[in-house]
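This report refers to the structure that appears directly beneath it.
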Amino acid sequence: MMTFKRALIATAFFLTVIYYLTRPSPRADTFVAPASDFNGQELLVDSRRPSTTATTQQDASQAGRLGRTGGNKLGVPGQRPIMDAKMSLYDKLAYQYPYDVETKFPAYIWQTWKYTPANGEFTFREQEATWTDQHPGFIHEVITDTVAVHLLRLLYASVPEVLEAYETLPLPVLKADFFRYLILLARGGIYTDIDTYAIRSALEWIPESVPRNAIGLVIGIEADPDRPDWKDWYSRRIQFCQWTIQAKPGHPVLREIVSHITLETLRRKRLGLLETTDKNVVEFTGPAVWTDIIFDYFNDARFFDMTNSKGPIDWRNFTGMDMPKRVGDVIILPITSFSPGVQQMGAKEYDDPMAFVKHDFEGTWKPEELRHIGEQKEDEKEKEKNSEKGKKR
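What the sequence shown shows, in mature numbering (1 follows the signal peptide of the UniProt record, and there is no 0), is residues -24 to -1, 1 to 369, in sequence order.
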């Protein structure tokens, strides 16, 4: 018969065993992960483990569910009080949503639209259904504008300047751009525009030869305009697309772009420069700044060991590529992956093995004059040619 003393000793032993089996192993804040495709650079990955604490709150209810239950289920961090008010915005975001490259990609698909699929006015059922069909077991959410506001208030309650910037943006296109970065920074997963079709599962996006616990961001090339007049069509010689992005929460690229847009928005607000009639206002949230920040990351000594670097990574490293490339913890997909069937810039057709996402390029949340920009410019050039021919007759 077990005495009280023996029972006490046995209990203490089992509690000790459970503690050592369940506690996280101690880890350094950073580690070196050599994984370069260019210039011999090595990645320094911020690998502090995320908190498993999640936040808790019809629109507000959905936001609360996404901010609370999803976060716990996927082990994604929730709100933590900022301990030092003097921290920079970048450091606040790093503290609130730390990055761990070794975690799994969260099984989330995020989309935004004016209506949910349950609404009779929702007109993207075919596109939306492809993402659900290709990703069984994923949490797939179409977020309305109203829900987005409530959700961000939950996720960024400890960083009020981010909320101020989001609510200050004067155009829906700007908020749509900003939301995708904000939700991926806080929750991770896949963001994709509502007018996209999933051709293949995201499980196929990363090459089998690359360990998934070494990758934290998957992006694709939107444009590779190898033509003299490329500046008439695109903002950058190589432009990374932001209508489809896969990320792990806290990735430094997302941290940087959220910080940049927040500070730039508040600066423009102070100076009275946030004019809704200024088309250039789109530039500071869209693919141009997204591309710039990705290239900045590839060349940032905080994350890459530049000792053996032979020069900066720039558009020349990606032009003409037709297979995925890896730079540190980022996979870059060729133009065919997210822009198949565009019949230019080397993009192949929808049945190509590297074709993952079809984009309708509707941009229906944009002002009418900003949709199908390339087509508009082509039409304008055709009219100019016809006009010149008419004058010569």
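Where is the CB? At the ideal position from N, CA and C, for every residue including glycine.
Item                                                                                                                                                                                        : Value
Count the CB pairs spanning the segment 125 to 139 and the segment 93 to 105 that are closer than 8 Å, and state whether there are at least three.                                          : no
From the DSSP output, in three-state form, read off E117 for me.                                                                                                                            : strand
Out of R176, F216 and P204, which one is the CA nearest neighbour of T267?                                                                                                                  : F216
What is the rounded straight-line gap between the Cα of Y326 and the Cα of D60?                                                                                                             : 51 Å
State the Cα-Cα distance for the pair R243 and M330, rounded to the nearest angstrom.                                                                                                       : 41 Å
Count the other CB atoms, across all protein chains shown, that sit within 10 Å of the CB of P183; report buried if there are 16 or more and exposed otherwise.                             : exposed
If the criterion is Cβ atoms closer than 8 Å, does the pair F81 and Y91 meet it?                                                                                                            : no
Between the Cα of S177 and those of I307, P112 and H126, spot the shortest distance and give me the residue it belongs to.                                                                  : P112
To the nearest angstrom, how far is the alpha carbon of Y73 from that of Y66?                                                                                                               : 11 Å
Please go through the same chain and pick out, in chain order, the residues whose beta-carbon is closer than 8 Å to the beta-carbon of R188, but skip the five residues on each side of it. : K80, F81 and I182
Apart from the five residues on each side of it in sequence, which residues of its chain come closer than 6 Å, Cβ to Cβ, to F294?                                                           : I214
Tell me whether M299 is buried or exposed, calling it buried when 16 or more other Cβ atoms sit within 10 Å of its Cβ.                                                                      : exposed
Just the Cα atoms here: how many angstroms apart are D121 and L128?                                                                                                                         : 11 Å
Which residues does DSSP list as the beta-bridge partners of G196?                                                                                                                          : L309
Under 8 Å by Cβ, that's how I've got I311 and A323 pegged, so tell me the actual separation to the nearest angstrom.                                                                        : 5 Å
Cβ atoms of V258 and L158: under 8 Å apart, would you say?                                                                                                                                  : no
Give me the Cβ distance between G192 and Y273, rounded to the nearest whole Å; I'm assuming they're in contact under 8 Å.                                                                   : Going by Cβ atoms, the distance from G192 to Y273 rounds to 11 Å, so no, they are not a contact pair.
Whole angstroms are fine: how far does the CA of S285 sit from the CA of S23?                                                                                                               : Here the model assigns S23 a pLDDT of 33, short of 50, so the residue's position is not dependable, and the following value carries that caveat. Each residue's Cα considered, the two are about 23 Å apart.
Starting from the Cα of A190, find the closest Cα among K68, Q222, N275 and V77 and give me that residue.                                                                                   : V77
Among the candidates A223, K245 and F154, whose CA atom is the shortest distance from the CA of D305?                                                                                       : A223
Closer than 6 Å by C-beta to S313: which residues in its own chain qualify, once you throw out the five before and the five after it? Chain order, please.                                  : G196, M330 and F332
How many Å lie between A83 and D171 at the Cα?                                                                                                                                              : 20 Å
What are the start and end residues of the beta strand (DSSP E) that includes R302?                                                                                                         : K301 to V303
So which of E232, I269 and R278 has the shortest CA-CA distance to K68?                                                                                                                     : E232
Which residue marks the beginning of the beta strand (DSSP E) containing V318, and which one marks its end?                                                                                 : From DSSP, V318 is part of no beta strand (DSSP E); its letter is neither H nor E.
Enumerate in chain order the residues of its own chain whose CB-to-CB distance from I119 is below 6 Å, with the five nearest sequence positions on each side excluded.                      : T88
Within 10 Å of its beta-carbon, does G287 have 16 or more other beta-carbons around it, so buried, or fewer, so exposed?                                                                    : exposed
Please state whether the Cβ-Cβ distance between T108 and L250 is less than 8 Å.                                                                                                             : no
What is the DSSP secondary structure of I170, counted as helix, strand or coil?                                                                                                             : coil
Would DSSP call W209 helix, strand or coil?                                                                                                                                                 : coil
Span of the beta strand (DSSP E) holding V138?                                                                                                                                              : Run containing V138: none in the beta strand (DSSP E); it sits in the alpha helix (DSSP H), P136 to T144.
Let me know the secondary structure DSSP gives H126 once reduced to three states.                                                                                                           : helix
Of the choices I115, P93, H126 and Y142, whose alpha-carbon is the least far from that of K245?                                                                                             : Y142
Does any residue of chain B bring its CB to less than 8 Å from the CB of H236?                                                                                                              : No chain B appears in the structure shown, which is made up of a single protein chain.
What does the alpha-carbon distance come out to for the pair L131 and A70?                                                                                                                  : 14 Å
Report the three-state DSSP secondary structure of Y132 (helix, strand or coil).                                                                                                            : coil
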